[in-house]
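Here the structure comes first, spelled out in structure tokens, and everything after it is commentary.
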Amino acid sequence: MNRHAPTLPAANRPVRNGFTLIELLVALAIFALAGLTLMRMEGQSIARTADLDQRLMREVTAQNLAAEWLTDPMPPSLGDDAGEVENAGRQFRWDRVVEAPAEYPGTIRIVLSVKEVTPGRETNAVTYEFLRVAPS
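Residue 93 in this note's numbering sits at position 11 of the sequence shown, and the numbers go up by one each step.
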């Protein structure tokens, strides 16, 4: 006597079409994880873009100040100086150190640091160092 339930011949077995509930849940979980990963990457990309914008504005402001001081017929006086300037509707603070380097006689070294101080947009400083011919 056969203890197992009788099996239907292959031609009479019901055909299983589609997916089971577990298979659907696993597929949805995988798609959800992929979607969350893409959203996180998009958020990081947006944050990097904002950082690049702030960095670009600091560098442009520093280059503008440097161009003014390098092309002015009268070079800046030795010592420290600071100030604020507006560029593209944003406030920037600059700090300048002017010294006469012993290794390059007849020149002055200008070290310029610029950082954004617009409320809510404070950033790190960008620093440039350049030489200029000293006044005779």
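Built from N, CA and C at the ideal position, the CB exists for glycine as well.
On a predicted model such as this, the values are computed, not experimentally measured, just so you know.
First through last residue of the beta strand (DSSP E) which encompasses residue i
i, result
"Asp154", "That residue, Asp154, is in no beta strand (DSSP E); it is neither H nor E in DSSP."
"Ala170", "Where Ala170 is concerned, there is no enclosing beta strand (DSSP E), given that its DSSP letter is neither H nor E."
"Arg98", "Here Arg98 belongs to no beta strand (DSSP E), and DSSP marks it neither H nor E."
Residues sharing a beta bridge with residue i, DSSP
i, result
"Phe212", "Ile192"
"Val180", "Gly161, Ile192"
"Glu198", "Phe174"
Per-residue DSSP class, three states only, for residue i
i, result
"Glu105", "helix"
"Glu204", "coil"
"Ser127", "helix"
Through-space distance from residue j to residue i, alpha-carbon basis
i, j, result
"Ala129", "Glu181", "38 Å"
"Val51", "Thr131", "One cannot answer for residue 51 here, as it falls past the ends of the chain, which runs 83 to 218."
"Glu166", "Met121", "38 Å"
"Leu152", "Glu211", "12 Å"
Sequence-distant residues of its chain with Cβ nearer than 7 Å to residue i (five each side left out)
i, result
"Gly161", "Val180"
Close Cβ partners of residue i (< 6 Å) along its chain, the five nearest in sequence each way excluded
i, result
"Val208", "Arg140, Glu141, Ala144, Val196"
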